[in-house]
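The listed protein sequences correspond, in order, to chains A and B. Heads up: take any position in the first sequence, counting from 1, add 1438, and you land on the working numbering. Heads up: take any position in the second sequence, counting from 1, add 1438, and you land on the working numbering. Backbone N, C-alpha and C fix where the C-beta goes; we use that ideal spot for every residue, glycine too.
There are 2 protein chains.
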Amino acid sequence: MSSRPTKRQEQVLDYVRRHRTQHGLAPTVREIQKHFGFASPNAAASHLRALQRKKLLYRHPGTARALRVTGDDRKEVAAIPIYGDIPAGFADTREQRPDGCVYADLDSLDIRRTARTFAVRVRGDSMTGAHILDGDLVVLELREPNHGNIVAALIDGETTLKRYLVKNRRPFLRAEHPGYPDLIPARELVIQGVMIALFRKPKDAGRPIEP
Amino acid sequence: MSSRPTKRQEQVLDYVRRHRTQHGLAPTVREIQKHFGFASPNAAASHLRALQRKKLLYRHPGTARALRVTGDDRKEVAAIPIYGDIPAGFADTREQRPDGCVYADLDSLDIRRTARTFAVRVRGDSMTGAHILDGDLVVLELREPNHGNIVAALIDGETTLKRYLVKNRRPFLRAEHPGYPDLIPARELVIQGVMIALFRKPKDAGRPIEP
DNA sequence: TATAATACTGAACAAATGTCCAGCCGTCCT
DNA sequence: AGGACGGCTGGACATTTGTTCAGTATTATA
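In structure tokens form, the structure reads like this:
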């Protein structure tokens, strides 16, 4: 019987959430009091009581900083391995060595837990026309591609990111940048993954450019 | 100057880690004491001191349950609130209502824990030249922008994503799409955040079509 | 062998923190 | 009009909790 929080209660809940992610621990009653400018710790405490009543918050009585926002626990965070370079024998996943992981929640990625998901660091500018830049991290899912999907494919022993197209029942790959020709596979086309998400961290995020 | 922990210290560190993942919060000194059967809280406390000296643990003095294992921070996933729409009075964070959250690890985002970070859903195509598309999720940090940064700014009561430029010591905003004029602020320029990351989930990604 | 570091016991203090009681004011609903 | 509820002030109390001082025994370490 969890009901909706009021505006104020939402704010409190948000502050708890934020405090947890920023400082790694939940705030105390008096920290909440201070943040909202209450004159009494009871103001914060009663909000917590209300949130608890509405099942939006859990806590251990008598325990310091024992606040836990209900939804946050259930968030399933997937560790997506990053393969900087995909070698030929991709089928054997066990031999892969990820260069770290991206962590993203399944919700926002809409990932099925059964699906094989991985990420690749993009090299080159052959897909800038599709707004995929050098250095971008592309999250891929192992499945059959559809016409128009962006895929990681194996061409001549190298893996590249291209758009997957079908013409006259024959699939081929297209780069999204002037000067790159279409790639029509001589033998068979090995699709290693279909792009489902993109993650970019601009290199110039903190750096000024020439005026 | 971080050296190796002793066997016992390793056990304590392990217990702290386990307690955090199991209960969502760090143990107190006395909980550690109880777990190891110490007769004095000082036994646990001195272990924590040693671990701190070896840079394997961080804590806030005088704060309850403020233990953080050094390596674990990197795996920590931050909940970044998504503000679909940024109203005028942004300075008052308390009135914000996030439309859910993105979850990303601090490492890959290079987020400072102290920094105020949030995300905005991009609307419109004024930044396609900078490879930022309609529907993209842009992660922003609250800080002073540099020349060339992409920022969320408040213009005429509306928030837009633009490139921040400075000419003759006067800052202005530039869209990255043909046909959009530069925005030269009449009064003052309110910068709400500087882009530090981008997250895209293609709309046509999840459709499985049978051939 | 000296010296430091580890690994504790034992007691106690002070700050941090959760909690409770009493009451005020306004809004919404019946 | 009445009552339930949200939002808050003000004060106080009892734990919880971090911290410190003093001391013992064992194990490295130079």
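Between the segment 1614-1622 of chain A and the segment 1448-1455 of chain B, are three or more C-beta pairs nearer than 8 Å?
As far as the Cβ criterion goes, the segment 1614-1622 of chain A does not touch the segment 1448-1455 of chain B, which means the pair count is below three.
Find the residues of chain A that neighbour Arg1506 of chain B, judging by a C-beta separation of less than 7 Å, and give them in chain order.
Stepping through the second sequence from its first residue, residue 1506 of chain B is reached at position 68. In chain order: Gly1462.
Can you check whether the CB of Val1577 of chain B is closer than 8 Å to the CB of Ala1557 of chain B?
In the second sequence, counting from the first residue as 1, residue 1557 of chain B sits at position 119. In the second sequence, counting from the first residue as 1, residue 1577 of chain B sits at position 139. Closer than 8 Å, so yes.
Can you give me the Cβ contacts of Pro1574 of chain A inside the same chain, cut-off strictly under 8 Å, excluding the 5 residues immediately before and after it?
Within the first sequence, the letter at position 136 stands for residue 1574 of chain A. Note that residue 1574 of chain A is Asp in the sequence shown here, rather than Pro. Only Arg1559, Val1560, Leu1636, Phe1637 and Arg1638 meet the Cβ criterion.
Indicate whether Leu1463 of chain A and Ala1464 of chain B have their beta-carbon atoms separated by less than 8 Å.
As a first step, residue 1463 of chain A must be located in the first sequence, where it is residue number 25. As a first step, residue 1464 of chain B must be located in the second sequence, where it is residue number 26. Yes, these two residues count as a Cβ contact at 8 Å.
Under the DSSP definition of a beta bridge, which residues are partnered with Thr1598 of chain A?
One-based indexing of the first sequence puts residue 1598 of chain A at position 160. Thr1598 of chain A is bridged to A:Ala1591.
For a contact meaning CB atoms closer than 8 Å, what does Ala1502 of chain B contact in chain A?
If you number the second sequence from 1, residue 1502 of chain B lands on position 64. Near Ala1502 of chain B (Cβ distances below 8 Å), the residues of chain A are Thr1466, Ala1502 and Arg1503.
Just the Cα atoms here: how many angstroms apart are Arg1608 of chain B and Thr1566 of chain B?
For the purposes of this step, residue 1608 of chain B is identified with residue 170 of the second sequence, where counting begins at 1. For the purposes of this step, residue 1566 of chain B is identified with residue 128 of the second sequence, where counting begins at 1. Going from the Cα of Arg1608 of chain B to the Cα of Thr1566 of chain B covers about 25 Å.
Report the three-state DSSP secondary structure of Leu1451 of chain A (helix, strand or coil).
What you label residue 1451 of chain A is simply residue 13 of the first sequence in a count that begins at 1. In the structure shown, Leu1451 of chain A sits in a helix (DSSP, three-state: H, G or I).
Inspect the beta-carbon positions of Glu1614 of chain A and Arg1601 of chain A and report whether they are closer than 8 Å.
Along the first sequence, one-based indexing puts residue 1614 of chain A at 176. Along the first sequence, one-based indexing puts residue 1601 of chain A at 163. Yes, the pair counts as a contact, with Cβ atoms nearer than the cut-off.
By alpha-carbon positions, which one of B:Asp1572, B:Ala1481 and B:Asn1584 ends up nearest to Ile1605 of chain B?
Against the second sequence, residue 1605 of chain B aligns to sequence position 167. Contrary to the premise, residue 1605 of chain B reads as Lys rather than Ile in this sequence. Minimum Cα distance to Lys1605 of chain B is reached at B:Asn1584.
Using beta carbons (cut-off 8 Å, strictly below), is His1569 of chain B in contact with chain A?
Mapped onto the second sequence, residue 1569 of chain B falls at position 131. So, interface residue.
To the nearest angstrom, report how far apart Gln1460 of chain A and Val1628 of chain A are at their CA atoms.
Against the first sequence, residue 1460 of chain A aligns to sequence position 22. Against the first sequence, residue 1628 of chain A aligns to sequence position 190. Roughly 43 Å separates the two Cα atoms.
Tell me, to the nearest whole angstrom, how far the beta carbon of Arg1612 of chain A is from that of Leu1580 of chain A; I am working on the premise that it is less than 8 Å.
Your numbering for residue 1612 of chain A matches position 174 in the first sequence. Your numbering for residue 1580 of chain A matches position 142 in the first sequence. Actually they do not touch by this definition, with Cβ atoms about 21 Å apart.
Quick one: what's Lys1605 of chain A bridged to in DSSP?
Position 167 of the first sequence holds residue 1605 of chain A. Answer by DSSP bridge pairing, in chain order: A:Arg1608.
Identify which residue in B:Asp1572, B:Gln1630, B:Pro1616 and B:Gly1617 has its Cα closest to the Cα of Thr1597 of chain B.
Looking up residue 1597 of chain B in the second sequence gives position 159. If we check each option's Cα against that of Thr1597 of chain B, B:Gln1630 comes out closest.
For Ala1502 of chain A and Arg1503 of chain B, which I take to be in contact (beta-carbon distance under 8 Å), what is that distance rounded to the nearest angstrom?
The residue you call residue 1502 of chain A lines up with position 64 of the first sequence. The residue you call residue 1503 of chain B lines up with position 65 of the second sequence. Rounded, the Cβ-Cβ distance is 6 Å, consistent with contact.
Just grab the DSSP bridge partners of Ile1629 of chain A for me.
As a first step, residue 1629 of chain A is located in the first sequence; it is residue number 191 there, counting from the start. Looking at the DSSP assignment, Ile1629 of chain A forms a beta bridge with A:Ala1591.
What are the boundary residues of the alpha helix (DSSP H) that Ala1482 of chain B is part of?
One-based indexing of the second sequence puts residue 1482 of chain B at position 44. It spans Pro1479 to Arg1491 - the alpha helix (DSSP H) in which Ala1482 of chain B sits, taken as one unbroken run.
Which residues in the same chain as Arg1497 of chain A place their Cβ atom closer than 8 Å to its Cβ, once the five residues preceding and following it in sequence are excluded?
The residue given as residue 1497 of chain A occupies position 59 in the first sequence. Closer than 8 Å at the Cβ level, and outside the excluded window around Arg1497 of chain A, lie Leu1486, Gln1490, Ala1504, Leu1505 and Arg1506.
Which same chain residues end up closer than 7 Å to Thr1466 of chain A when comparing Cβ atoms and leaving out the 5 residues on each side of it in sequence?
Against the first sequence, residue 1466 of chain A aligns to sequence position 28. So the qualifying residues of the chain are Ala1502 and Arg1503.
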